[in-house]
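First up is the structure itself, then whatever we jot down about it.
In the working numbering, the protein residues as written are 5 to 230.
Here's what the structure looks like:
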């Protein structure tokens with residue numbers, strides 16, 4: 005029974021093979037045009053900060069408490085880095101033509117769990133500009149951290165750099181093509197079965213026997229005369 009059902013499914017796909025192949029090919033072509041010619045490549049640059057409040061107490065217990073307090077404040081520091089005050093300062097330092105809202109969309113701040121490290125990642129169509137913004141943001145936070153949060157030790161561990169041959173992080177062309185191909189096959193196969201379901205005509209002797217439960221007494225063959 006299962007073998008018969010699988011055979012029926014294959015017959016539907018084979019009967020609608022033009023649709024099953026055409027839609028994935030069209031999806032890949034559209035995805036390729038968008039990925040290679042329409043979407044603007046975006047580049048990322050990342051700088052790493054270490055936030056650590058200085059402590060004059062040499063007792064190990066107090067040092068541990070200080071470390072835990074620093075870890076708890078990392079989330080606050082991350083929010084401050086993306087604040088409008090910091091973004092306006094970066095715009096002024098680099099003389100950017102962005103508003104704070106536009107710059108905010110380019111910035112991503114992350115902090116690993118149980119860590120005092122903050123990573124600032126900037127995404128921009130210009131890889132060199134992304135590096136400049138990331139480093140400027142780190143420098144601005146380093147300058148203003150003491151006056152805003154009384155943080156006396158902000159170190160730039162890894163400044164952002166631009167590689168000799170920068171690779172865009174998006175669009176991911178290969179991934180887009182693969183997704184388009186898979187989705188195209190899913191849509192085309194679904195459409196093939198939908199068309200088969202909506203087509204109520206009986207075209208073969210097997211279909212007459214199966215659906216009408218009637219024996220086939222005879223058939224009229226197609227004949228094309230000269």
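Every residue gets a Cβ at the ideal spot worked out from N, C-alpha and C, and that includes glycine.
A quick note: this is a predicted structure, and the numbers were derived from the prediction, not measured.
Answer yes or no: do residue i and residue j have a C-beta to C-beta separation smaller than 9 Å?
{"i": "residue 18", "j": "residue 199", "result": "no"}
{"i": "residue 48", "j": "residue 144", "result": "no"}
{"i": "residue 126", "j": "residue 85", "result": "no"}
{"i": "residue 78", "j": "residue 120", "result": "yes"}
{"i": "residue 88", "j": "residue 134", "result": "no"}
{"i": "residue 50", "j": "residue 130", "result": "no"}
{"i": "residue 188", "j": "residue 27", "result": "yes"}
{"i": "residue 149", "j": "residue 81", "result": "yes"}
{"i": "residue 223", "j": "residue 210", "result": "no"}
Taking the C-alpha atoms as reference points, what is the distance between residue i and residue j?
{"i": "residue 218", "j": "residue 202", "result": "22 Å"}
{"i": "residue 116", "j": "residue 122", "result": "7 Å"}
{"i": "residue 157", "j": "residue 40", "result": "45 Å"}
{"i": "residue 176", "j": "residue 128", "result": "15 Å"}
{"i": "residue 16", "j": "residue 104", "result": "56 Å"}
{"i": "residue 45", "j": "residue 99", "result": "23 Å"}
{"i": "residue 11", "j": "residue 197", "result": "14 Å"}
{"i": "residue 221", "j": "residue 205", "result": "19 Å"}
{"i": "residue 159", "j": "residue 146", "result": "7 Å"}
{"i": "residue 14", "j": "residue 43", "result": "38 Å"}
{"i": "residue 184", "j": "residue 225", "result": "43 Å"}
{"i": "residue 194", "j": "residue 139", "result": "50 Å"}
{"i": "residue 132", "j": "residue 169", "result": "11 Å"}
{"i": "residue 136", "j": "residue 91", "result": "13 Å"}
{"i": "residue 151", "j": "residue 83", "result": "16 Å"}
{"i": "residue 9", "j": "residue 124", "result": "55 Å"}
{"i": "residue 2", "j": "residue 214", "result": "The first residue shown for the chain is 5 and the last is 230, placing residue 2 beyond what the model contains."}
{"i": "residue 190", "j": "residue 25", "result": "11 Å"}
{"i": "residue 64", "j": "residue 171", "result": "Residue placement at residue 64 is poorly supported in this model, since its pLDDT is 47, which falls under 50; the coordinates still yield a value, given next. Taking the straight line joining both Cα atoms gives about 45 Å."}
Compute the beta-carbon to beta-carbon distance between residue i and residue j, rounded to the nearest angstrom, for a pair I have assumed lies under 8 Å.
{"i": "residue 192", "j": "residue 23", "result": "5 Å"}
{"i": "residue 181", "j": "residue 35", "result": "6 Å"}
Which residue or residues does DSSP assign as beta-bridge partners of residue i?
{"i": "residue 47", "result": "128"}
{"i": "residue 160", "result": "53"}
{"i": "residue 123", "result": "52 and 114"}
{"i": "residue 174", "result": "46"}
Quiz item: Do the stretch 46 to 57 and the stretch 89 to 98 meet, that is, are 3 or more Cβ pairs less than 8 Å apart?
Solution: no
Quiz item: Do the stretch 103 to 110 and the stretch 25 to 35 make contact, defined as three or more Cβ pairs closer than 8 Å?
Solution: no
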